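S.K.: Let me give you the structure first, and then I'll get to my questions.
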Amino acid sequence: MSKADNSSSPKAGGVAAAMSALVMAVLLAALDQTIVSTALPRIAEDLNGFDDIAWVSAAYLLASTAVTPLWGKLGDMFGRKKLYLASTSVFLIASVACGLAQNLPELVGARVLQGVGGGGMIVLTFALVGDIVAPSERGRYQGMFGSVYGVASIVGPLLGGVFTDQLSWRWAFLVNLPVGIVALAIAARFLPAAIRGARARIDYLGATVLAGIATGLVLVTSFGERWGWGSPAIVGLIAATVALAVALVPIERRAAAPVLPPAMFASRTVVFSSLIAFFANAAMFSVLVYLPTYLQIVHGVSATLSGIHMLPLVAGLVVSQSLAGRWAAQVERLRTILLAGLVANLAGLLLLGTIGAATDTLVLSVYFLITGVGIGMVPMVVLTTVQNSVPTADLGAASAVVTFARSIGAAFGVAVFGTLLNTGFADRTSGLPTAGGFDTTRPDTIGRLPGALRDTALDAFAHATAGGYLWIAPALAVGIVLALFLKPARESGETATADHSEPAFHSATADRSEPAPVAGPAQDPVRTA
Numbered sequence: 031m032s033k034a035d036n037s038s039s040p041k042a043g044g045v046a047a048a049m050s051a052l053v054m055a056v057l058l059a060a061l062d063q064t065i066v067s068t069a070l071p072r073i074a075e076d077l078n079g080f081d082d083i084a085w086v087s088a089a090y091l092l093a094s095t096a097v098t099p100l101w102g103k104l105g106d107m108f109g110r111k112k113l114y115l116a117s118t119s120v121f122l123i124a125s126v127a128c129g130l131a132q133n134l135p136e137l138v139g140a141r142v143l144q145g146v147g148g149g150g151m152i153v154l155t156f157a158l159v160g161d162i163v164a165p166s167e168r169g170r171y172q173g174m175f176g177s178v179y180g181v182a183s184i185v186g187p188l189l190g191g192v193f194t195d196q197l198s199w200r201w202a203f204l205v206n207l208p209v210g211i212v213a214l215a216i217a218a219r220f221l222p223a224a225i226r227g228a229r230a231r232i233d234y235l236g237a238t239v240l241a242g243i244a245t246g247l248v249l250v251t252s253f254g255e256r257w258g259w260g261s262p263a264i265v266g267l268i269a270a271t272v273a274l275a276v277a278l279v280p281i282e283r284r285a286a287a288p289v290l291p292p293a294m295f296a297s298r299t300v301v302f303s304s305l306i307a308f309f310a311n312a313a314m315f316s317v318l319v320y321l322p323t324y325l326q327i328v329h330g331v332s333a334t335l336s337g338i339h340m341l342p343l344v345a346g347l348v349v350s351q352s353l354a355g356r357w358a359a360q361v362e363r364l365r366t367i368l369l370a371g372l373v374a375n376l377a378g379l380l381l382l383g384t385i386g387a388a389t390d391t392l393v394l395s396v397y398f399l400i401t402g403v404g405i406g407m408v409p410m411v412v413l414t415t416v417q418n419s420v421p422t423a424d425l426g427a428a429s430a431v432v433t434f435a436r437s438i439g440a441a442f443g444v445a446v447f448g449t450l451l452n453t454g455f456a457d458r459t460s461g462l463p464t465a466g467g468f469d470t471t472r473p474d475t476i477g478r479l480p481g482a483l484r485d486t487a488l489d490a491f492a493h494a495t496a497g498g499y500l501w502i503a504p505a506l507a508v509g510i511v512l513a514l515f516l517k518p519a520r521e522s523g524e525t526a527t528a529d530h531s532e533p534a535f536h537s538a539t540a541d542r543s544e545p546a547p548v549a550g551p552a553q554d555p556v557r558t559a
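Positions 31 to 559 (our numbering) are the ones given, in order, by the sequence shown.
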């Protein structure tokens, strides 16, 4: 943005109101990825669907991941505000359908629709920040959303448990309505309407193929262990996903307005940042998902208390996210901040690789704090790096690429860690008696063992958890190497250009964007609705 552009930007009050709406939307979309986890047993009981209950979580993840690139591209073409309001409306309607579902197929179908809306809410929120604020300020605001996302990952299961125990599991979905309606009203009033590109033909084929790739990846990661990694279903899904990925390249090259502009992937910044986002989210979700399980099984705390034990991690995440956002105002420091976050995250994983059944709570708190600091510094710095390296017309598509990489990374991290944990636990407890109901593949059955054997099994589970983090740690080491070769754009905060270290690129939509007025003041990249 030029100085002239900044003068016509939304006033501070309007920006604050718009950001409040975006924060509420991200909170709801992020919560719905985790809030049902503690409610699943009750849902299965009420809807008589124990065999297929995993689809309640997988359906949301699958749909939100599959539609992310399409929402981002459509926002570039038709204006992000309209698409944001539409995605939020879809999310709220689907939330009502989830809360009123009378059987499991109805709930899974509603979760698919909810994922479609939630995926749009997240990617369009990140892109709208690029519309509203200058490049030098993006890190600060993106950091705020990253904190919300991280906190939601911890708070979600707790809220799900509270609603299930005190009210009904249906409130895990219906609670979205009052918050979402307020967010929708504020967004409609205060969100700026981004300048749109020309309405080129929508890349339906590319979007469909990309959705198929996302579907294959999510199904493989969600059900690989359950169906068997070598089973015909999983092998077939992997083969189909690879075939679709190969086919996507020529499809996108021929598309008039590709959902993923091929030229974008000629940018080292975009490619390396997306890979870093993938590895960092794989590590992050292995921590957020499985540390509470470790606390509940090994230390015998309740779901609520496990969340309290995780507060040092949340504190580290929120503080580091805020500080990283402020430091990112000096955009030439982006790589330094990113490297510091990745190193802290790696150190946290290595420390978690030493935990056992007798690890003191205070020691765990220190480990959690260090891990949280590392987790908080990475995600939004990566997104800001990418947004500062692309033209304004491609903000949606670029944000979608990073968001897509993060979603797939999270799915892979949870799947891989789950496999490592379960395999490690089974190997370490293979000699224990199974009489009385103890199952070497079910850590939740440890309590059925008598005293001494129970202690042995708890120690085995703790070491299996620690071993999983040691196996995940190399992913962050790869991220550190990639970050060393990353060259973020060096901008003063007054211009928004392509990556200075590489040739500028524009998607087909950007090339056909609406011309600026012949006369009059400089046109602002955003205009208030």
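Beta carbons: idealized from backbone N, C-alpha and C, even for Gly. Here the structure is a predicted model, which means the values were calculated and not measured.
As an exercise, report each continuous alpha helix (DSSP H) stretch of at least 4 residues that is fully enclosed by the region 472–525, in chain order.
M.R.: You should have 481–514.
S.K.: Residues in the same chain with beta-carbon distance under 6 Å from T527, minus the five sequence neighbours each way, listed in chain order, please.
M.R.: Its pLDDT being 40, under 50, T527 is placed unreliably by the model, and nothing is read from it.
S.K.: In chain order, what residues of the same chain lie with their CB nearer than 8 Å to the CB of T194, ignoring the 5 residues before and after it?
M.R.: Excluding residues within five positions, the ones whose Cβ falls inside 8 Å are T68, A69, R72, A202.
S.K.: How big is the Cα-Cα spacing for I476 and L353?
M.R.: Using only the alpha carbons, I get a separation of about 42 Å.
S.K.: CA-CA distance, A48 and V317?
M.R.: Using only the alpha carbons, I get a separation of about 32 Å.
S.K.: Identify every run of the alpha helix (DSSP H) within the region 241–297, keeping only runs that are complete inside it and at least 4 residues long; order them along the chain.
M.R.: Within the region 241–297, the complete alpha helix (DSSP H) runs of at least 4 residues are 262–284.
S.K.: Just the C-alpha distance for V349 and G260, rounded to the nearest angstrom, thanks.
M.R.: Looking at the two C-alpha atoms, the distance is approximately 43 Å.
S.K.: On the three-pair Cβ rule with 8 Å, is the region 301–310 touching the region 403–418?
M.R.: Yes, they touch.
S.K.: Would you kindly report the start and end of the unbroken alpha helix (DSSP H) that includes R365?
M.R.: Residues 364–382.
S.K.: Buried or exposed: where does T401 fall if 16 or more other Cβ atoms within 10 Å of its Cβ makes it buried?
M.R.: T401 should be labelled buried.
S.K.: Could you give the C-beta distance for F121 and A59, rounded to a whole number, given that I count them as a contact under 8 Å?
M.R.: Confirmed, Cβ separation roughly 7 Å.
S.K.: Would you identify the three-state DSSP class for P208, choosing helix, strand or coil?
M.R.: Note: P208 maps to helix in three-state DSSP.
S.K.: Of all the options F491, R110, P222, D485, which has the alpha carbon lying nearest to the alpha carbon of D457?
M.R.: It is F491 whose Cα lies nearest to the Cα of D457.
S.K.: Short check: CB of T98 to CB of M151, under 8 Å?
M.R.: No, they are not a contact pair.
S.K.: The alpha helix (DSSP H) that contains D106, what's its start and end?
M.R.: Here the alpha helix (DSSP H) through D106 covers 85–108.
S.K.: Would you kindly check if the distance between the Cβ of G236 and the Cβ of A275 is under 8 Å?
M.R.: Not in contact: A275 and G236 (Cβ atoms no closer than 8 Å).
S.K.: Using only CA atoms, which one of F253, G109, T391, G378 lies nearest to V331?
M.R.: It is T391.
S.K.: Less than 6 Å between C-beta atoms, sequence neighbours within five positions excluded: which residues of the same chain meet that for G186?
M.R.: Only L61, T64, I65 meet the Cβ criterion.
S.K.: Return the bridge partner residues of D469 from the DSSP annotation.
M.R.: Beta-bridge pairing links D469 to R472.
S.K.: Between the beta-carbon of G254 and the beta-carbon of A374, is there less than 8 Å?
M.R.: Not a contact, by the Cβ cut-off of 8 Å.
S.K.: Check each candidate in G497, R256, A116, A218 and name the one with the smallest Cα separation from L450.
M.R.: Taking only the C-alpha atoms, the option nearest L450 is G497.
S.K.: What number of angstroms, rounded off, separates the C-alpha of L376 from the C-alpha of F455?
M.R.: Roughly 23 Å between the two C-alpha positions.
S.K.: Do three or more CB pairs link the region 237–256 to the region 269–283 at distances below 8 Å?
M.R.: Output reads yes: the region 269–283 touches the region 237–256.
S.K.: Where do the N-terminal and C-terminal ends of the alpha helix (DSSP H) with I438 fall, by residue?
M.R.: Where I438 is concerned, the enclosing alpha helix (DSSP H) stretches over 425–458.
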